[in-house]
Structures are given as structure tokens and as C-alpha cells.
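Trainee: Here it is, the structure in full.
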Amino acid sequence: MTEVNDTVKESSYDDEMSRAFDQTLPKLVASAGISSTRIAFKRRSGATVTIELEHDNQYHRAIFKTFYASSQTSWFRNLSERSQIDRFETFKGFVNWLNNTEHETFEVRRYQCLKDDESSKMNDEGCKSSPIKSLIPAFKAGLGSKSLTEEEYSFMTTLLRLSKAARNANPEPYTLTDWLALPWLRSILGEHKYLSLESPSRLLTSFRVTVAATLSYLLEVRARWQKQALGMTEPQLSQNSWFESWNINVLQRCGAFEAHGEPADDLTRLLLLDFTRPDKQAQIKLLIAREGLGGLRRKPYVDGKPTRPWQPPALFHPEYQHSYSPLEECLMAWLVACETVQPTDINKLKTTDYAYEHNSSGRLIAMQCRYYKGRAGSSREPAMLMASDCWTKAQYAYINGLPYAGRLFSFDVSRQKPMPNITENPNSISRHTDMILLWNLWQLPQLQSRIANATKAVGTPTIFLDAVLALKEGSETWHSNTGKSNGTLENYRNSVSRPLPTVLFSLTHIKTTAVHAGSDQYREGDLINHHSHTSRTEKHSYLTDANKDFVNRAGRITRLILNDLENVVYQPSVSSMANALKDLELRSRVIDATGSDNAQVQTLYPPSKQHETDGLIIVPDTVEQALMFIHAIDQAENKYKQLLTVRPDWVERTLLVQLEWMTRTLQKMRSESAAREQYRNLKPHLPPMFDHFLETQE
0 MTEVNDTVKE SSYDDEMSRA FDQTLPKLVA SAGISSTRIA FKRRSGATVT
50 IELEHDNQYH RAIFKTFYAS SQTSWFRNLS ERSQIDRFET FKGFVNWLNN
100 TEHETFEVRR YQCLKDDESS KMNDEGCKSS PIKSLIPAFK AGLGSKSLTE
150 EEYSFMTTLL RLSKAARNAN PEPYTLTDWL ALPWLRSILG EHKYLSLESP
200 SRLLTSFRVT VAATLSYLLE VRARWQKQAL GMTEPQLSQN SWFESWNINV
250 LQRCGAFEAH GEPADDLTRL LLLDFTRPDK QAQIKLLIAR EGLGGLRRKP
300 YVDGKPTRPW QPPALFHPEY QHSYSPLEEC LMAWLVACET VQPTDINKLK
350 TTDYAYEHNS SGRLIAMQCR YYKGRAGSSR EPAMLMASDC WTKAQYAYIN
400 GLPYAGRLFS FDVSRQKPMP NITENPNSIS RHTDMILLWN LWQLPQLQSR
450 IANATKAVGT PTIFLDAVLA LKEGSETWHS NTGKSNGTLE NYRNSVSRPL
500 PTVLFSLTHI KTTAVHAGSD QYREGDLINH HSHTSRTEKH SYLTDANKDF
550 VNRAGRITRL ILNDLENVVY QPSVSSMANA LKDLELRSRV IDATGSDNAQ
600 VQTLYPPSKQ HETDGLIIVP DTVEQALMFI HAIDQAENKY KQLLTVRPDW
650 VERTLLVQLE WMTRTLQKMR SESAAREQYR NLKPHLPPMF DHFLETQE
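The structure is reproduced here in C-alpha cells:
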């Protein structure tokens, strides 16, 4: 009796505690019912944005409720912050399209709203990817909400089934050649240099040398600035026109001028270039020649009138005295992109991502980057950088100025920058930026001489430097011309005689050019037209029907030969390989243990040909068996080229089939992950394979 009473007391006590605990928990959003017509979310900038339907429609309301329910699910919460914001932005674009177009979803077209929005986004706005790809998973996650009525659920399931995302358009590669593909540059650069821009390898080498020489030049000047400006008091950046006193103090502390007012060294030359407005530099030089550095004032008098010659520095900023400036980091990022490093991973690099090899005296021999590629989920190793190259020296000097295991970049170097206003139009007014400073640097005779010597050493012309300096002959930029061209790019290109690119080349342009340069086999003579007419003139005016027939006949013969070589001589028998692989897969079983006496257990790999009366191929799901498969695949990958040389038929008919079978079988084995972890330690101790095949030849 006592035990029963105690049990009852404990049960009532537990109920009271559970009710008290439940009162402290917030109610689930889904259980409260979803009838909201507004969704609020925060963008990456921190601004709060709302999504709201302006027109009441039962079908639009069902779509809105489904997405709202999806945003409250655990599936949505488990997404990364970036993915959540992207889906909110995509849905906001869809709702805005409904509101702006006053799209009416009637009974007849109630299942077309997603496809109509997709058509508007991809055809009218130029989106490369269909918004349906992002919305469909979100809608499916929200279908489990109890707030949806039976009619709404039926409508949404049918809508999702009929709304298939369109295929993405073929991606267009963006290269430095495409960025410089301006027809009006031909008349300025000349036929020879303009055609040389078509070669990715020559353009990339010229670009790489130009950037490396510029970065080395800036790092040398930085070392002198840090030494001479040691102990200077930093100004209060919150004050207006703080840069005026800062510029004067740095010039008086570090500047060295000749008697006629010209800079005496590279540091002074860059200080004057960064501190003074371009149209006031001559006045400052004249003032220094007359009164010396002590005559510098915040508003000096020139010809009896006060003037404001100073501008905020982009390089010699007080915040960049002990750390790299955005310009230096940008140049370094461009050099890293030349190594074909993924642009989205460049921002994440650290000094420890580079390995170095030195000789006995401590001199650098080579260095190599090894980074984690986020999109692939694996590590990548670009080509090794030799110390004799100028870009290696520049990157090594840059990294030496950073702390151990420090990040290479403190600024967002992957951010797309607008095209700077570099034109020589005297009426154009542009803010002093790091890119404008870079164009001014490239016009310095001292830096041009260094770049010319560096390009001569590697045997390439200065085509990139000549091309970017020729852009100063262009018209005003698109951003400056927005008011005249009604903001559209097409109107801008039609309204000016020499249009410029809308944005500066990005890391993607550089990386893609570097990839193309690896297979570029152009020679110097291939890019030069030695004929009396241009290629276009000869094609349209001088190529007669007889010549066309000859060219076509020669081309037809070449195509026939190449087709025969590809499809007859060197084409492996894919169909027979596929049939053999299919036969192995149908007879293979992965089990923990075998209870059959007539089964054939393959400890390593099965023969490619077996008798029809053979039984199943039983593969035990053990770590040992998985290790054998992994080791066989690894050995075959390492010795594939050698085996293909001495035993080509065996590789095609037997080895490739067995390796593909092993790879697919491994995916079915639960012990694969454990075996791969052990293989890293056991690999050096396992015996080599396929050596006996290398001793004989077919």
C-alpha cells in the first residue's frame, strides 16, 4: 500500500513539474497557424527587408504561406546564413514580380506563375540561372505545414510538379582578352600589338610581369617610408580635412626634392603622386622650388590665390603604415590568381598555405601554394613558382611582410570594382582611388623602365601595359555617363565613340586567362599578318569560289583523317567495356558473410572473363577487402601511363573494367570510410602492384 501511494505522489509531482516547464517554452510557429502576408529578413548588409503581397489572390496566398512555413522548418534553419539569405532574395524577386506586373493567376494559368517569372528573369533581366532551382526545395520543405488547406496543398504539389527549371545558358568564359576586346584599341596599339592580345599566354605573361614589377616597386618604397616615418603621430581621422596636415607632415619628414622642385627619389615621387591632385602637382613643385618644404601650407597661395591641392591618400594612409594597403593587396591577389587559384578561395589564404624550399645558404629556390578548394572539398596544388621569376620574388617579399600564419589579405580582394575614371578629359572629376593611383603609377617613366626590363628578361612584349594605358584615350566611363545614356549599357555604347569596360577585370578574368594560357601554343608569327590586306579584307573580297573550294577540300581531307584517327585507331571499345562492367555489377553482391557454397569470393578483383556457369561474385564488406580495392585503385592511377605504354590492350579490356567495378563496389560498402582512414597510415607498408605487367610487353 505504501509503495502504491508513493508511486501516485511521484506521478502527480512529475505532471506538475512538466506543466511548469512547458509554460516556459515558446510555442512552435507552425502550431500557431500561418496566416501572415509579410516576411521580414536581414540582408548581409544588416538592413531589414520585408516581403509582402500587394494583391490578394488565393493561389498567390498559397505560395506565400508555403514559403513562410518553409522558413520556419528545421531544414531551412540548418542552411547556412548565405543560403538562407539567397532564398529570401529569390523569393522576394518573385513576389516583387507579382506585385509590379500585377500578375493574375486565373484558373486556366494558375500553374504558370513560376515559369512566367522564370521567363522574365532569364530573358528580360539576363539572369544566368533559373530562380525555380532555389525555390522548389524551399516549397517542398513547407508542404508539411498543417496551416495549408487541402486545396492549397493540392495546388502546390501540382505547381511544383509542372514547374521544371530551365537549363542554364552555356557559361561564357571571361578572360583578359575579352576585357580588352575593344575595336577602337586597334588604331592606337597598332595591328601587331592588338593581335597579340589574342594569345592568352603572351597576355598573361605580360600582365604577370607588369603586376609583379609594380608590387615590388611599391614594397621597396614602403620599406623606406616605414623607416623614415617611424614615430610619426597619426592624425585624428574623424576630423574633416585631416589629410591636409598629414600630407604636409609626411612630405616634410620623408620628401627629398631637387632645386627645381622635382622629386629626388622614388619615395618622394610616390608621395607627391598620392598626396596632391593631378592638376595641382605642377603648382606644388613650383612652390617647393621657391620656398622649400617649409613653404607648404594647407591652402597655399599660387599666383596670389588660395588653392586646395591636397587629396586623401590611397597608399600612404596612416592606417596603412604598418599593414598593406588595398592597392598592394589587390596586386598580390592578381598574382595569386595567375596561379589558377580559385577566386573564391583567394581571400581565405594564409602565409602557411605556401611551402618554401631554400638552399644551404637560406636563399629561396622555389615556393608552392597548397590550398583548400571550398567548391571541390579537397586540396589543390598549383604549379610551383621558381625563385628566378620576378612574380615569385614579389610574392615572397609580400609574404615576408606578414606575421606567421597570418591572412594574406585583410580587405575583400574578390569584390568587383567599377572601371576607374582614367580618361584625360580635363572636365572629368573623379575621386582619388587606389585604381586611379595605379594607372598614374604605370605612367611613371621609372616604373615603366622597370617593367620593360622585366618583360625583356622573360621574352615577352609589354602588350598589357600598352593596352591599359591606351584606355586613357577612351571616352568617359559608363558610371560617369549614366545621366546621359539613361543608365543602360547599350545606350552608353551607342552614345560614345570609344566606350570603356563597365567594370575592372576581376580575379575570374585572370584565373581563366591563366587556364587558357596553359594550352596556348601560339608563336609570334602566328599572330602577325604579313599580307598586304587584313584577314577580313581577304576573306570577303579576295577569296574566290575556286579558292573556297580548295580550302574546303583541304579542310574536308583533314577532318576525315582526324575522324578516322579518333574513332577507329585510338577510340577504345566503350561498348564492350560497358557490357563487361554491367555483367560484373549484375553478378556482384556486397554482404557481411556468405552462406553459399558455390559462390566465388574475389579477394582483390575478379577476372574480366568468366565462364557462364560461374556463380555470384561475393564481396565481403570488411575493412581488409576495402583496403585491397583502395590500394589497387591507387596503384593503377600511379602506374597508369606506364601500363598503357607496355600493355595497352590489357589496360583497355581488363584493367579499366576492373577499376570501375571496384570504384562502384566501394560505394556500396559501409567499411569504405574506415578503410580510407587506415589506408593513409598503411599505404607505405603495402606491397606494390602491377610490376609484373611492366616486365612484359604486348
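Heads up, the final residue of the sequence shown is numbered 697 in numbering that gives the first Met the number 0, and it's a clean run with no missing numbers.
Note that CB positions come from ideal geometry on N, CA and C, so glycine has one too.
These numbers were taken from a predicted model, which means no experiment stands behind them.
1) Between the Cα of residue 290 and the Cα atoms of 272, 258, 269 and 76, which residue gives the shortest distance?
2) I need the boundaries of the alpha helix (DSSP H) containing residue 421, first residue and last residue.
3) Smallest Cα separation from residue 292: which of 313, 267 and 311?
4) Three or more beta-carbon pairs under 8 Å between the region 208-215 and the region 384-397, yes or no?
5) Which residues in the same chain have their Cβ closer than 6 Å to the Cβ of residue 682, if we skip the five residues on either side of it in sequence?
6) Residue 287: buried (16+ other C-beta within 10 angstroms of its C-beta) or exposed?
7) Answer with buried or exposed for residue 473, where buried requires no fewer than 16 other C-beta atoms within 10 angstroms of its C-beta.
8) For residue 368, report the span of its beta strand (DSSP E) as first-last.
9) Rank 506, 452 and 449 by C-alpha distance to the C-alpha of residue 416 and give the top, closest one.
10) Short check: CB of residue 628 to CB of residue 665, under 7 Å?
11) With burial defined as no fewer than 16 other Cβ atoms inside 10 Å of the residue's Cβ, what is the status of residue 281: buried or exposed?
12) Taking only runs that begin and end inside the region 80-141, name each unbroken beta strand (DSSP E) of 3 or more residues, in chain order.
13) Between which two residues does the beta strand (DSSP E) containing residue 356 stretch?
14) What does the Cβ neighbour count give for residue 204, buried or exposed, with the cut at 16 atoms within 10 Å?
15) Is it true that the CB of residue 50 sits closer than 7 Å to the CB of residue 114?
16) Here's the rule: buried if 16 or more other CB atoms are within 10 angstroms of the residue's CB, otherwise exposed. What is residue 510?
17) Taking buried to mean at least 16 other C-beta atoms within 10 Å of its own C-beta, is residue 704 buried or exposed?
18) Beta-carbon separation of residue 422 and residue 380 under 7 Å?
19) Checking the sheet assignment: what are the DSSP bridge partners for residue 309?
20) Judging by CA-CA distance, which residue of 100, 451 and 574 is the nearest neighbour of residue 119?
21) Buried or exposed for residue 370, please, with buried defined as at least 16 other CB atoms from any protein chain shown within 10 angstroms of its CB.
22) In terms of residue numbering, what span does the beta strand (DSSP E) encompassing residue 40 cover?
23) Got a sec, what are the start and stop residues for the alpha helix (DSSP H) residue 619 sits in?
24) Any idea if residue 403 is buried or exposed, counting beta-carbon neighbours within 10 angstroms, 16 or more meaning buried?
25) From residue 272 to residue 433, what distance separates their C-alpha atoms?
26) What's the C-alpha gap between residue 616 and residue 586?
27) My understanding is that residue 164 touches residue 129, with C-beta atoms under 8 Å, so please give their C-beta distance in whole angstroms.
28) Taking the continuous alpha helix (DSSP H) assigned at residue 160, which residues delimit it?
29) Can you list, in chain order, the residues of its chain with a C-beta nearer than 6 Å to that of residue 5? Leave out the 5 residues immediately preceding and following it.
30) Which of helix, strand or coil does DSSP assign to residue 232?
31) Answer yes if the region 215-234 comes into contact with the region 316-329, meaning at least three C-beta pairs across the two stretches below 8 Å, and no otherwise.
32) Relative to the C-alpha of residue 134, which residue among 93, 151, 513 and 121 is closest?
33) I'd like to check one pair, residue 137 with residue 66: are the Cβ atoms closer than 7 Å?
34) Do the region 459-468 and the region 183-202 make contact, defined as three or more Cβ pairs closer than 8 Å?
35) Just verifying my parser: in three-state terms, what is the DSSP assignment at residue 589?
36) Along the chain, where does the alpha helix (DSSP H) that runs through residue 47 open and close?
Mentor: Taking the geometry as given:
1) 258
2) Per DSSP, residue 421 belongs to no alpha helix (DSSP H) and is neither H nor E.
3) 267
4) yes
5) none
6) buried
7) buried
8) 363-368
9) 506
10) yes
11) exposed
12) none
13) 353-357
14) buried
15) no
16) buried
17) Residue 704 is absent from the structure shown; the chain starts at 0 and stops at 697.
18) no
19) 275
20) 100
21) buried
22) 37-41
23) From DSSP, residue 619 is part of no alpha helix (DSSP H) but of the beta strand (DSSP E) over 616-619.
24) exposed
25) 12 Å
26) 6 Å
27) 4 Å
28) 149-161
29) The pLDDT assigned to residue 5 is 42, lower than 50, so where the model puts this residue is not dependable; a value taken from the coordinates is nonetheless given after this. Excluding residues within five positions, none has a Cβ falling inside 6 Å.
30) coil
31) yes
32) 93
33) yes
34) yes
35) strand
36) It is not in any alpha helix (DSSP H) - residue 47 instead sits in the beta strand (DSSP E) that spans 47-51.
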